[in-house]
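Visitor: Quick one: this structure, given as structure tokens, is what I'll be asking you about.
Residue numbers (the numbering used here): 3 to 94.
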């Protein structure tokens, strides 16, 4: 079963040649696609980071304070970026 991203990309490939890149619906599709691609990338980055932290934790010790601080900062930045993409706030 195709993902939502794949369905949007198929729709864009079909509609953009017919209506042009300046069509509001086509622009909306592009925005949705970009948002899903960003969301997918952030999820992959979070997973990679979590695996790195988990693997260091599995060595019989607690995570270092620096690792915890880095993770918290990462989560804060992701939340700030998400707010900006949803139109709830802008990053400066």
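All C-beta atoms in this analysis are idealised placements derived from N, C-alpha and C, irrespective of residue type, glycine included.
Smallest Cα separation from residue 14: which of 7, 28, 24 and 4?
Guide: 28
Visitor: Could you check the C-alpha separation between residue 72 and residue 79 for me, to the nearest Å?
Guide: 11 Å
Visitor: Can you check which of these residues, 84, 83 and 37, is closest to residue 10 by C-alpha distance?
Guide: 37
Visitor: Rounded to a whole number of angstroms, what is the C-alpha to C-alpha distance between residue 25 and residue 34?
Guide: Residue 25 and residue 34: Cα-Cα distance of roughly 14 Å.
Visitor: In the segment 24-73, which residue ranges form an unbroken alpha helix (DSSP H) of at least 4 residues, counting only runs that do not cross its ends?
Guide: Runs of the alpha helix (DSSP H) inside the segment 24-73: 26-59.
Visitor: Find out if the Cβ-Cβ distance for the pair residue 12, residue 4 is shorter than 9 Å.
Guide: yes
Visitor: Measuring CB to CB, does residue 7 end up less than 9 Å from residue 39?
Guide: Taking 9 Å as the Cβ cut-off, residue 7 and residue 39 qualify as a contacting pair.
Visitor: Under 9 Å, do residue 70 and residue 44 count as touching if we go by C-beta distance?
Guide: Taking 9 Å as the Cβ cut-off, residue 70 and residue 44 do not qualify as a contacting pair.
Visitor: In whole angstroms, what separates the C-alpha of residue 66 from that of residue 85?
Guide: 29 Å
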